[in-house]
Structure formats: structure tokens, C-alpha cells
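A.B. asks: Pasting a structure here, questions to come.
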Amino acid sequence: MSKKWTRRSALALIGSGAGLLTWGTGGFTDVTADRQVNINTTPDSLDHPRLGINTLGDGGGPGQRVSLITFQNNLDEEIGVNLNAATVDSDDTTEVADLFKGEGIDPTNYFDAPDSVGPEEQGIIEATLDLLPDVSIGSDREYDLLLDFTAGTKNENQTITLSRKATVTYEDPRVSYWDFEQIEGQTVPDLWSGNDASRKYVGKIGPFRYGYEPDPADGGNRGTVLDFRGDRFRSGDDDVITTSDTSKLDFTDDFSLSVWIKPTSIPNLYARLFSKWDSPRNNRESDAEKGYQFFLGETDDKFDNEFEIGIETGQRNGKTTKIKTGATVDEGKWNHVVWTHTSSKESEDRVYVNGDHEGNGYSGNLPDPYGSNEPLRIGNGIGGNDRLRYPFNGLMDEAKAYDTALTSEQVKNLYETSKGGDGGSIGG
């Protein structure tokens, strides 16, 4: 188990003038002693310093772990470590308590350090980024950390105290969040970035009222949700909400898509949850399929009351890669589904169901999607000739998009904190 160090205990230790440290089952204790030994390390740039310190320039989003310090114990004895930090930004308003989450049961524990590090062994000190509500959506911001690092030997009265500066980049991955609680007429607002979506106009329903679909519905503890009544056999278009065609939603590298769904049926082979997709018109080969699609389909057993999740990307050369993931959702029940895509030479895709990608989920890889000229459609998708063809049938809530591949911890945080229909947070 790692030892969690608090700001208060670190300040007490450093403020004592590098006093004697004793080792017990509870860790170091600062005591008064007549004889104190302070060992100053040689500069880190030398080949073999007594304590080699490397500060790291790490970054991430809410809920992600960042590495602050790695160190090499070149003493002949086991050491324990302690860290205190203060943050400095342009307006001097952000503190350690704002930037990092508390570790464990004590909310004032910010740093995760090893219990001890043996001779010639390496250690690392990490922290978990918290949600900074005042950071602009989708922005990156650097914070300088002033780090006071103290190491002490287990059996000798020796301490080493160093000060270093590290930089942490806070990366906000939020792109769009379509909130179904605040629908106004045709508009489904995007609370994060203004990429508002539109419901489908279905004509007048009274002398002064206009009708739009899908309809808002009572989602119980989830509040107001959207009721997609996908039926390809109805007259007119099927239910869908549609954004404008914006490059912010093209996602040609890392991305994540998240939504709560309560499906009832698959009207036509596939039910699109998210679809930003160019489909060939009149089956002309020159019209390449491009973009991405997150969808449901029938399982091999059509009578098992489950639906299988699928993912698809279309590349620049017109090739498409479609995968039935094996991950399933239950008919008539609320399910939280997330697709994360990591872009690299060896890309990685994951599908999570209710925060899990191992027991009921998927890990694999698809090529990066190529930018689509179509808008993002939620709850439906087009086939040839730009016609809506693949409707979702059921209830939907809290559709979100991120421009990063969320970590497993972030997805779990989002699932746990959004069960009640209040949005939740990847930071937990």
C-alpha cells in the first residue's frame, strides 16, 4: 500500500529545519535531537548523485494520474519520502487543493508516494487531477508546481531536502454535451461548446404550436430524456437530432463518445447512436464512406433481450472498418455506453458498458476516421441517397463527446456520477 502524504504533514516536516526522522509502522515522525545530520545531494546532472531527482512535465484531464517526480535512491540504505507543493499560475489563484484530488479517505492527501525505496531503487510520486470548473471548455493550461522533496533514511539520522519546479498541463477534453433538460422548441442545446442540435420539424400541432421530434419524456430519476420512436415504416423521416457540420466533431484522432440509452428494439438492422458519416450517393464509387458510427445491432440470438454494440470508421481511401464488439446492452433497461478511440500507429478502441470494458466490453483497434462532410446525427443515420435509414428506438439521455480517449478511471467516474441524470464528471 502506498503512503499518502498531506500538505500539513509535509509543511511540519520541512518547517522543522530538516530534523531527525524516526521510522515506525506509521511512517516517519519528526522529533527533537541533539545530533542532526543533513546530507546535501550533489547536482542532479552528475552521473551518480546521492539522490537523483527528475521532475516531470506531465499532463492530463480531470480524473487522470500525473507523474510529478521520479527519483533514484543512491544511498546505501532504505529511504522514505515526503513531498510538499504549491502551485503558481498567472493570477495566483489556483492552489494544490484546486488542482489535485484527495487520495484515499483523507481529502487533504494529494500525493501518492511509495512507503519506502531501497538502495539503488527508483520511486515515483503521482497525483490525480481534479475538475477545475473555471477552466474554459476544451482549453489547455499550464501550472507550475513548486515542489519541496524530503527523503530520510530508515536506520540513520539523515535527511535530504531539495526544491524543484515541475509543470503540469491541465487538459480539458470536453467538446459537446447535449442536455435534454433544456430543450427549447427545435433546439437541443450544447452546454459545453455551442454545437447546438436540432430536432426534426413535423408540422403544426395547433394554431400557435409547432411539433418537433423526438419528444421529451419522463425518464424517472434521470429527469427529462428524449423518446426516439424509430420506425422506418412510418411516413416521413424518422426521429433524429442533428448538429451543424463542424470540424470540431470530425474526430480524426483521439475521441470518446458517451450516452445513456434505454433501447426497446432495432427497427432496421442497425440503430445509430452517433453517426457522422458520408454515405455513397446512388452507389457511385467516387463517393467514399468517411467518418464514424456508434450503433446497436441484434445479437446472434434474436430472442435474448439484448442488443450488441458496434463501431465503425471510414477512412480517406474509402475503406471502412466495422466491428460488432460482442459488448451488449439490455433491452428496456438504462445502460451507459462509451466508445473511446486512441490514435496511433497501433490504435486502440474500447467500448464500455456501465463503466466496464473487461467483463462486458470490447478492446481492439480501428483505423482513424477521416473527416466527414455530413453533420453529426444522434439517434439515426443515413444510407444511400442521404436518406435516414437506421433509427434508434428507445429513450436516450446525456449525449457527450470528448476530444481524447478517456481512461478507464475517467469512464468509471462518469458512469458512477451520472447515474442520477445530473451530468456527472470524468473527474469523479
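Just add 62 to wherever you are in the sequence shown, counting from 1, and you've got my numbering.
All C-beta atoms in this analysis are idealised placements derived from N, C-alpha and C, irrespective of residue type, glycine included.
Whose C-alpha, out of L194, E140, A259, is nearest the C-alpha of Q244?
C.D. replies: Here residue 244 refers to the residue found at position 182 of the sequence shown. Nearest option by C-alpha distance: A259.
A.B. asks: Rounded to the nearest angstrom, what separates L438 and L137 at their Cα positions?
C.D. replies: By one-based count along the sequence shown, residue 438 stands at place 376. By one-based count along the sequence shown, residue 137 stands at place 75. Each residue's Cα considered, the two are about 59 Å apart.
A.B. asks: Write down the C-beta distance between L209 and S225 rounded to the nearest angstrom, noting that I regard them as a contact closer than 8 Å.
C.D. replies: As a working mapping, residue 209 is identified with position 147 in the sequence shown. As a working mapping, residue 225 is identified with position 163 in the sequence shown. The beta carbons of L209 and S225 sit about 7 Å from each other, so the pair counts as a contact at 8 Å.
A.B. asks: Looking at E246: is its Cβ nearer than 8 Å to the Cβ of K262?
C.D. replies: Within the sequence shown, numbered from 1, the residue matching residue 246 stands at position 184. Within the sequence shown, numbered from 1, the residue matching residue 262 stands at position 200. No, these two residues do not count as a Cβ contact at 8 Å.
A.B. asks: Counting only runs of 3+ residues fully inside the region 166–209, write out the beta strand (DSSP E) ranges in chain order.
C.D. replies: 171–175, 184–190
A.B. asks: Thinking G446 and V302 are a contact (beta carbons under 8 Å), I'd like their distance in whole angstroms, please.
C.D. replies: Position 384 of the sequence shown, counting from 1, holds the residue named residue 446. Position 240 of the sequence shown, counting from 1, holds the residue named residue 302. Contact doesn't hold; Cβ gap of about 17 Å is too wide.
A.B. asks: Measuring CA to CA, which of D363, T156, D411, N379 is closest to S470?
C.D. replies: By 1-based counting over the sequence shown, the position of residue 470 is 408. Distances from the CA of S470 to each of D363, T156, D411, N379 were compared; the closest alpha carbon is that of D411.
A.B. asks: Measuring CB to CB, does D494 end up less than 8 Å from E204?
C.D. replies: As displayed, the chain neither begins before 63 nor continues past 490, which places residue 494 out of reach and without an answer.
A.B. asks: Spell out the partners DSSP gives K462 in its beta bridges.
C.D. replies: Taking the first residue of the sequence shown as position 1, residue 462 is located at position 400. DSSP output for K462 lists Y239, S320 as bridge partner(s).
A.B. asks: How many whole angstroms separate the CB atoms of D174 and E188, which I take to be in contact at a CB cut-off of 8 Å?
C.D. replies: Against the sequence shown, residue 174 aligns to sequence position 112. Against the sequence shown, residue 188 aligns to sequence position 126. Right, the Cβ-Cβ distance comes to about 5 Å (below 8 Å), so this counts as a contact.
A.B. asks: Below 8 Å, how does it come out for the region 227–236 and the region 120–127: are there three or more Cβ pairs, yes or no?
C.D. replies: Judged by Cβ distances under 8 Å, the region 227–236 makes contact with the region 120–127, as three or more pairs qualify.
A.B. asks: As a quick exercise: from V179, D192, S178, pick the residue whose alpha carbon is nearest that of Y172.
C.D. replies: Taking the first residue of the sequence shown as 1, we reach residue 172 at position 110. With distances taken between Cα atoms, Y172 lies closest to D192.
A.B. asks: Starting from E355, follow its DSSP beta bridges and name the residues at the other end.
C.D. replies: Along the sequence shown, read from residue 1 onward, the residue named residue 355 stands at position 293. Note that residue 355 corresponds to Gln in the displayed sequence, not to Glu. DSSP output for Q355 lists S337, E374 as bridge partner(s).
A.B. asks: Please confirm whether D234 and L253 have their CB atoms less than 8 Å apart.
C.D. replies: The sequence position of residue 234 within the sequence shown is 172, counting from 1. The sequence position of residue 253 within the sequence shown is 191, counting from 1. No. Outside cutoff.
A.B. asks: Are L194 and Y232 touching if we call contact CB-CB under 8 Å?
C.D. replies: In the sequence shown, the residue the question calls residue 194 occupies position 132. In the sequence shown, the residue the question calls residue 232 occupies position 170. Result yes, Cβ atoms of L194 and Y232 sit closer than 8 Å.
A.B. asks: Quick check: the region 474–487 against the region 352–365, are there 3 or more CB pairs under 8 Å?
C.D. replies: no
A.B. asks: Thinking Q377 and Y432 are a contact (beta carbons under 8 Å), I'd like their distance in whole angstroms, please.
C.D. replies: As a first step, residue 377 is located in the sequence shown; it is residue number 315 there, counting from the start. As a first step, residue 432 is located in the sequence shown; it is residue number 370 there, counting from the start. So it is a contact: roughly 5 Å between Cβ atoms.
A.B. asks: Using the DSSP secondary-structure output, state which residues sit across from L145 in a beta bridge.
C.D. replies: Residue numbering aside, residue 145 sits at position 83 when the sequence shown is read from its first letter. Answer is F211.
A.B. asks: Who are the Cβ neighbours of P429 in its own chain at under 7 Å, not counting the five residues just before and after it?
C.D. replies: Your numbering for residue 429 matches position 367 in the sequence shown. For P429, where only same-chain residues beyond five positions count, the Cβ hits under 7 Å are T375, Q377, T383, S409.
A.B. asks: Using DSSP with H/G/I as helix, E/B as strand and the rest coil, what is V302?
C.D. replies: Taking the sequence shown and counting its residues from 1, one reaches residue 302 at position 240. Looking at V302 - three-state DSSP - the assignment turns out to be coil, as it is neither helix nor strand.
A.B. asks: D392: which of R291, P325, G380 sits nearest, CA to CA?
C.D. replies: Walking along the sequence shown from the start, residue 392 turns up at place 330. Looking at the Cα atoms, P325 is the closest of the given residues.
A.B. asks: Do you know offhand how far R112's Cα is from L130's?
C.D. replies: The residue labelled residue 112 in the question sits at position 50 within the sequence shown. The residue labelled residue 130 in the question sits at position 68 within the sequence shown. Using only the alpha carbons, I get a separation of about 20 Å.
A.B. asks: Classify G282 as helix, strand or coil using the three-state DSSP reduction.
C.D. replies: Your numbering for residue 282 matches position 220 in the sequence shown. G282 falls in the helix class under three-state DSSP.
A.B. asks: Quick one: Cα of H403 to Cα of K462, how far?
C.D. replies: The residue given as residue 403 occupies position 341 in the sequence shown. The residue given as residue 462 occupies position 400 in the sequence shown. Rounded to whole angstroms, H403 to K462 spans 14 Å at the Cα level.
A.B. asks: Among I141, G180, G482, L288, which one has its Cα closest to the Cα of M458?
C.D. replies: Position 396 of the sequence shown, counted from the first residue, corresponds to residue 458. Out of I141, G180, G482, L288, L288 has the C-alpha closest to the C-alpha of M458.
A.B. asks: Mind checking which residues open and close the beta strand (DSSP E) that includes E233?
C.D. replies: Working through the sequence shown from its first residue, we reach residue 233 at position 171. Note, E233: beta strand (DSSP E), 220–233.
A.B. asks: Would the beta-carbon of G489 fall within 8 Å of that of P124?
C.D. replies: Translated into positions along the sequence shown, residue 489 becomes position 427. Translated into positions along the sequence shown, residue 124 becomes position 62. Yes; because the gap between Cβ atoms is below 8 Å, this pair is in contact.
A.B. asks: Can you give the Cα-Cα distance for K395 and I323, rounded to whole angstroms?
C.D. replies: Position 333 of the sequence shown, counting from 1, holds the residue named residue 395. Position 261 of the sequence shown, counting from 1, holds the residue named residue 323. When rounded, the distance between both Cα atoms is 8 Å.
A.B. asks: Alpha carbon to alpha carbon, what distance is there between W339 and P453?
C.D. replies: Residue mapping note: residue 453 aligns to position 391 of the sequence shown, counting from 1. Residue mapping note: residue 339 aligns to position 277 of the sequence shown, counting from 1. Taking C-alpha positions only, P453 is separated from W339 by approximately 14 Å.
A.B. asks: Which term fits S309, buried or exposed, when burial requires 16 or more other beta carbons within 10 angstroms of its beta carbon?
C.D. replies: The sequence position of residue 309 within the sequence shown is 247, counting from 1. Its Cβ having fewer than 16 others within 10 Å, S309 is exposed.
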